[in-house]
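Visitor: Chains as they are written, first to last, in UniProt numbering: chain P, 1 to 188; chain R, 1 to 188. Yeah, the Cβ is synthetic: ideal placement off N, Cα and C, and Gly gets one too.
Number of protein chains: 2
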Amino acid sequence: MAGRGETRERVLRTAAELFQRQGYHGTGLTQVLAESRAPKGSLYFHFPDGKEQLAAESVALSGRELAQALRAAAGEASDGRAGIVALGEYFARALEESDFSKGCPVATVALETSAASEPIRTACEGAYGDWLDGITEALRGWGVPDSRDVGELVLSSLQGAVMLARVRRDAGVIRTVTARLAELVPRA
Amino acid sequence: MAGRGETRERVLRTAAELFQRQGYHGTGLTQVLAESRAPKGSLYFHFPDGKEQLAAESVALSGRELAQALRAAAGEASDGRAGIVALGEYFARALEESDFSKGCPVATVALETSAASEPIRTACEGAYGDWLDGITEALRGWGVPDSRDVGELVLSSLQGAVMLARVRRDAGVIRTVTARLAELVPRA
DNA sequence: AAGTAGGTGGACCGGTCGGTCTAATCTGCT
DNA sequence: AGCAGATTAGACCGACCGGTCCACCTACTT
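In structure tokens form, the structure reads like this:
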């Protein structure tokens, strides 16, 4: 038998990646199970509420991990301008390296389900809240006034640009947008 | 028999609305047919390539109509600041009036399918292209330099903000974001 | 060694999916 | 009137959907 909770973790990570690439309704449980080499019984043992719970936890997991990556990217930057560009570069690279299939790990599921499933909607809202907190914090550190409002602008622009980039199969928008955004922030 | 092409039109409009609310995979043909009171035979007569064609045409239709609405909203504005705010207000109201179920008519389908269906992806890209052209044109009219790049920023921010608003069930972000965006534009 | 949770393997279920097909029906033309 | 093409009507198809169920195996307890 595999280690404690090992199967649960494997299923969850597989699900998170598939949801990110194909969305909620586009991802079948059969596919999740096949790719994580787990039987159906295990799924419903670890996630009694089925697909909905799996999606909510996937979104929460992706949200936590991305928030961490964002904080790291922002932390390394010498000033605000470099920081914002680094944020964009993170998404741009992820997109390019995955042949434009790995965009925002939350957006697709969020749009599909936020009107239909309250648990998933709440998980998505939480993820975005974490990111906004991280960005706001970084902006404040860089001396940006009204950092919360500017944070909303940065988060929105980034989300929109990542979506546009996926549709166009060209990450150029992300770089254009972050370059413009960077001008809102004082130099070091 | 109904007028020429009347059934086709009815099916297409119903599909466009359902795709906007529920996404591609979340919308069944059965539902489209039931709500547009059309039999399956008609669907495959008017749309021989099935669901994929229906989605591509729905996106194109929504794109055309929204581009028109955007141009109208921008045209009425006295200056750039008012224009950008009006753009945001258009989406904010649509969201609020539909209990946050009618967001961007393209985004959900775009994210779900752009990696899997080239015809749909192309249709989405076209819709976004039209909007960008409209916004860029308006910005140029308002005397904004580098209007194309700023247009990309405006489009991205708006898209991201509309998505966030749906998830939060609160259109506040849209207004916050457009207020910030408006500052990028010279006063009348 | 026997008992018992914790976890796995997978057959099975009703329902719905997108799609096909053929018969019936309408409309305009001659 | 009667033909021809356009359109509708919906039964039907195999595949797959998410979900349930239970027999089974394994590791730890006593």
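#1: What would DSSP say about residue 179 of chain R, mapped onto helix, strand or coil?
#2: Scan the stretch 41–56 of chain P for residues whose Cβ lies nearer than 9 Å to a Cβ of chain R and list them as they occur along the chain.
#3: I need the DSSP call for residue 78 of chain R, collapsed to helix, strand or coil.
#4: Looking only at its chain, what residues have a beta carbon closer than 7 Å to the beta carbon of residue 69 of chain R, apart from the 5 residues adjacent to it on each side?
#5: Below 8 Å, how does it come out for the stretch 171–182 of chain R and the stretch 122–133 of chain P: are there three or more Cβ pairs, yes or no?
#6: Can at least three beta-carbon pairs, one atom from the stretch 35–44 of chain R and one from the stretch 105–115 of chain R, be found at a separation below 8 Å?
#7: Taking 8 Å as the threshold (C-beta atoms), are residue 101 of chain P and residue 115 of chain R in contact?
#8: Can you pull out the residues from the stretch 4–28 of chain R whose beta carbon lies closer than 8 Å to at least one beta carbon of chain P?
#9: Run through DSSP, which three-state label would residue 1 of chain R get?
#10: Are there three or more Cβ pairs, one per stretch, closer than 8 Å when the stretch 71–85 of chain R is compared with the stretch 133–145 of chain R?
#11: Going along chain P, which residues have a C-beta under 8 Å from residue 100 of chain R?
#12: Using a Cβ cut-off of 8 Å (strictly closer), state whether residue 58 of chain R contacts chain P.
#13: Take residue 87 of chain R and list the residues in its own chain whose beta-carbon comes closer than 8 Å to its own, dropping the five residues that flank it on each side.
#14: Cβ of residue 175 of chain R within 8 Å of Cβ of residue 82 of chain R?
#15: Using a Cβ-Cβ cut-off of 8 Å, state whether residue 143 of chain R counts as contacting chain P.
#16: Does the CB of residue 85 of chain P have a neighbour CB from chain R at under 8 Å?
#17: Only counting the same chain, and skipping five residues up and downstream in sequence, which positions put a Cβ closer than 6 Å to that of residue 10 of chain P?
#18: Looking at residue 184 of chain R and residue 150 of chain R, is the spacing between their C-beta atoms short of 8 Å?
#19: Is it buried or exposed, residue 40 of chain R, if we count other Cβ atoms within 10 angstroms and call 16 or more buried?
#20: Counting only runs of 4+ residues fully inside the stretch 83–132 of chain P, write out the alpha helix (DSSP H) ranges in chain order.
#21: With 8 Å as the limit, tell me which residues of the stretch 147–165 of chain P have their beta carbon closer than that to any beta carbon of chain R; keep them in chain order.
#22: Inspect the beta-carbon positions of residue 7 of chain R and residue 34 of chain R and report whether they are closer than 8 Å.
#23: So which residues on chain R does residue 66 of chain P lean against when the C-beta distance must stay under 9 Å?
#24: If you draw a straight line from the C-alpha of residue 142 of chain P to the C-alpha of residue 152 of chain P, how long is it?
#25: With 16 as the cutoff for other CB atoms within 10 Å, does residue 160 of chain P come out buried or exposed?
#26: Do we get a CB-CB distance below 8 Å when we pair residue 95 of chain R with the residues of chain P?
#27: Taking the alpha carbon of residue 156 of chain P as the point to measure from, which residue in R:27, R:172, R:62, R:16 has its own alpha carbon closest?
#28: Does chain R have any CB closer than 8 Å to the CB of residue 171 of chain P?
#29: Chain P partners of residue 110 of chain R, CB-CB under 8 Å?
#30: Which residues, taken in chain order from the stretch 122–133 of chain P, show a beta carbon closer than 7 Å to some beta carbon of chain R?
#31: Indicate the three-state DSSP secondary structure (helix, strand or coil) for residue 166 of chain R in the structure shown.
#32: Out of R:52, R:48, R:5, R:167, point me to the one whose CA is closest to residue 25 of chain R's CA.
#33: Write down the C-beta distance between residue 105 of chain P and residue 62 of chain P rounded to the nearest angstrom, noting that I regard them as a contact closer than 8 Å.
#34: Look up residue 10 of chain P in the DSSP assignment and say whether it is helix, strand or coil.
#35: For chain R, find out if any of its Cβ atoms is closer than 8 Å to the Cβ of residue 176 of chain P; answer yes or no.
Guide: Looking at the atomic coordinates:
#1: On the second sequence, position 179 is the one that residue 179 of chain R refers to. Here residue 179 of chain R sits in helix by DSSP.
#2: Result list empty, no residue passes.
#3: The residue labelled residue 78 of chain R in the question sits at position 78 within the second sequence. Note: residue 78 of chain R maps to coil in three-state DSSP.
#4: Working through the second sequence from its first residue, we reach residue 69 of chain R at position 69. Taken in chain order, the residues that qualify are 90.
#5: Contact between the stretch 171–182 of chain R and the stretch 122–133 of chain P is not established, with fewer than three Cβ pairs separated by less than 8 Å.
#6: For the pair of segments examined, the stretch 35–44 of chain R was found not to touch the stretch 105–115 of chain R: the number of CB pairs separated by less than 8 Å stays below three.
#7: Start at 1 with the first residue of the second sequence, and residue 115 of chain R comes out as number 115. Start at 1 with the first residue of the first sequence, and residue 101 of chain P comes out as number 101. Going by C-beta atoms, residue 115 of chain R is nearer than 8 Å to residue 101 of chain P.
#8: For the stretch 4–28 of chain R, which is checked against every Cβ of chain P, the residues closer than 8 Å are 21, 22, 23, 24, 25, 26.
#9: In the second sequence, counting from the first residue as 1, residue 1 of chain R sits at position 1. Low local confidence applies: a pLDDT of 48 at residue 1 of chain R is under 50, so the model's placement there is unreliable, and no value is given.
#10: Result yes; three or more Cβ-Cβ pairs closer than 8 Å.
#11: As a position in the second sequence, residue 100 of chain R is number 100, starting the count at 1. Here the neighbours are 114, 115.
#12: Here residue 58 of chain R refers to the residue found at position 58 when the second sequence is read from its first residue. No, residue 58 of chain R does not count as interfacial toward chain P.
#13: Sequence index remark: in the second sequence, residue 87 of chain R carries index 87 (1-based). Only 70, 73, 74, 135, 154, 158, 178 meet the Cβ criterion.
#14: Counted from its first residue, the second sequence places residue 175 of chain R at position 175. Counted from its first residue, the second sequence places residue 82 of chain R at position 82. No. Outside cutoff.
#15: By 1-based counting over the second sequence, the position of residue 143 of chain R is 143. Interface with chain P (8 Å Cβ-Cβ cutoff): residue 143 of chain R is excluded.
#16: Sequence index remark: in the first sequence, residue 85 of chain P carries index 85 (1-based). Taking a beta-carbon distance threshold of 8 Å, residue 85 of chain P does not count as an interface residue toward chain R.
#17: Numbered from its first residue, the first sequence carries residue 10 of chain P at position 10. Beyond the five residues adjoining it in sequence on each side, residue 10 of chain P comes within less than 6 Å, by CB distance, of 36 in the same chain, given in chain order.
#18: Against the second sequence, residue 150 of chain R aligns to sequence position 150. Against the second sequence, residue 184 of chain R aligns to sequence position 184. Yes; because the gap between Cβ atoms is below 8 Å, this pair is in contact.
#19: On the second sequence, position 40 is the one that residue 40 of chain R refers to. Taking every protein chain shown into account, the CB of residue 40 of chain R has fewer than 16 other CB atoms within 10 angstroms, so this residue is exposed.
#20: If we require 4 residues or more, the alpha helix (DSSP H) runs fully inside the stretch 83–132 of chain P come out as 107–113.
#21: Listed in sequence order: 149, 150, 152, 153, 155, 156, 157, 158, 159, 160, 161, 163, 164.
#22: Translated into positions along the second sequence, residue 7 of chain R becomes position 7. Translated into positions along the second sequence, residue 34 of chain R becomes position 34. Taking C-beta atoms as the reference points, residue 7 of chain R and residue 34 of chain R fail to come closer than 8 Å.
#23: Numbered from its first residue, the first sequence carries residue 66 of chain P at position 66. For residue 66 of chain P, none of the residues of chain R pass the 9 Å Cβ criterion, the least Cβ distance being about 15 Å.
#24: Locating residue 142 of chain P in the first sequence gives position 142, counting from the first residue. Locating residue 152 of chain P in the first sequence gives position 152, counting from the first residue. So the two alpha carbons sit approximately 16 Å from each other.
#25: Locating residue 160 of chain P in the first sequence gives position 160, where the first residue counts as 1. Counting Cβ neighbours within 10 Å, residue 160 of chain P comes out buried, since at least 16 surround it.
#26: For this step, residue 95 of chain R is matched to residue 95 along the second sequence. Residue 95 of chain R is outside the set of residues whose beta carbon lies under 8 Å from a beta carbon in chain P.
#27: Position 156 of the first sequence, counting from 1, holds the residue named residue 156 of chain P. Of the candidates R:27, R:172, R:62, R:16, the one whose C-alpha sits nearest the C-alpha of residue 156 of chain P is R:172.
#28: On the first sequence, residue 171 of chain P is found 171 positions in, with the first residue counted as 1. No, because no Cβ of chain R sits closer than 8 Å to the Cβ of residue 171 of chain P.
#29: Mapped onto the second sequence, residue 110 of chain R falls at position 110. Under the 8 Å cutoff, chain P gives 163, 166, 167.
#30: Cβ contacts with chain R come from 124, 125, 128.
#31: Here residue 166 of chain R refers to the residue found at position 166 of the second sequence. Residue 166 of chain R falls in the helix class under three-state DSSP.
#32: As a working mapping, residue 25 of chain R is identified with position 25 in the second sequence. For residue 25 of chain R, the closest of R:52, R:48, R:5, R:167 by C-alpha to C-alpha distance is R:52.
#33: Along the first sequence, one-based indexing puts residue 105 of chain P at 105. Along the first sequence, one-based indexing puts residue 62 of chain P at 62. Right, their Cβ atoms sit about 4 Å apart.
#34: Locating residue 10 of chain P in the first sequence gives position 10, counting from the first residue. Three-state DSSP puts residue 10 of chain P in a helix.
#35: In the first sequence, residue 176 of chain P corresponds to position 176, counting from 1. So yes, residue 176 of chain P belongs to the interface.
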